[in-house]
Amino acid sequence: EVAGRQWFQLGQGFTLRDWWWGDGALVKSTGLRSDGRIDDRSFWISYVSPLPTPLVIPMVYPRMISLHDLNSKMDGSLIPPAIPPSSEHVNDDGIYLLENGMDCLIYIGNSVDPEIMRQLLGISSFDEIPTQFVLQQYDNPLSKKLNDVINEIRRQRCSYLRLKLCKKGDSSGLLFLSYMIEDKTPSGLSYVEFLVHIHRQIQTKMS
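Here the sequence shown is numbered in UniProt numbering, starting from 1 and rising by one per residue.
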């Protein structure tokens with residue numbers, strides 16, 4: 001009984017997250033989501049099938065990091081800690097990078113400090129966000145860190161990664177938010193809701 005309680009304990013995390021991946025994250029992936037185009041789904045499946053597991057994982061559970069506060073993250077690592085891919089962690093005054101091993105999306109909120117946009121992207125306002133994006137390094141520490149982050153991700157993924165800017169309020173912003181796999185869907189639970197549901201079931205069985 002003690003072993004069983006330890007297996008179910010939410011703090012242990014690994015087994016429950018793996019379980020949720022099969023029921024939540026996987027069905028939201030490009031290859032299995034019901035609202036995806038058949039061509040996109042077919043390409044995703046054929047692309048993923050021969051890949052080793054370490055390269056498949058980000059395509060199911062993408063990595064998201066914040067870019068607007070890169071200057072405050074001085075722990076010595078090139079890539080700052082990942083944040084959960086959930087829209088509750090995406091703020092209007094932030095800039096976020098999400099990568100899945102094939103694409104690298106940079107999302108810009110509509111209330112970002114113009115000075116941060118200038119340093120990172122070479123633009124001074126939300127309305128100047130271009131549809132086409134080529135990574136450049138400007139003469140400031142924040143831009144250098146962005147280049148270091150993207151180059152390190154490319155090295156880790158063994159892929160050049162396609163870069164795309166996404167802005168709140170248009171189709172590119174919706175594309176970015178479609179990768180928020182911990183969000184609730186009309187037919188399922190969010191990851192947090194899933195944990196709460198499991199926790200309640202465990203409490204019921206043990207009471």
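Just so it is clear, CB atoms sit at the ideal spot from N, CA and C, and this is done for glycine as well.
Entirely enclosed alpha helix (DSSP H) segments - the UniProt domain "Gelsolin-like" (80-147), minimum 4 residues: 114-121
Per DSSP, cross-strand counterpart(s) of Arg-200: In the DSSP assignment, Arg-200 forms no beta bridge with any residue.
Own chain residues within Cβ distance below 6 Å of Asp-92, not counting five before or after: The beta carbon of Asp-92 sits closer than 6 Å to those of Gly-109, Asn-110, Ser-111, all from its chain and outside the five residues before and after it, given in chain order.
Three-way DSSP call (helix, strand, coil) for Leu-161 in this model: coil
Among Pro-84, Glu-99, Ser-46, Ile-95, nearest to Pro-114 - alpha-carbon criterion: Ile-95
Between the CA atoms of Val-196 and Gln-6 - distance to the nearest angstrom: Reliability of the predicted coordinates at Gln-6 is poor, the pLDDT of 39 falling under 50, and the value obtained from them is presented with this limitation in mind. Straight through space, the alpha carbons of Val-196 and Gln-6 are spaced by roughly 17 Å.
Alpha carbon of Leu-135 to alpha carbon of Pro-80, nearest angstrom: Annotation: Leu-135 to Pro-80 spans about 19 Å, alpha carbon to alpha carbon.
Nearest to Val-60 (by Cα), restricted to the options Asp-103, Pro-141, Leu-146: Asp-103
Unbroken alpha helix (DSSP H) run spanning Ile-65, endpoints: That residue, Ile-65, is in no alpha helix (DSSP H); its beta strand (DSSP E) goes 63-66.
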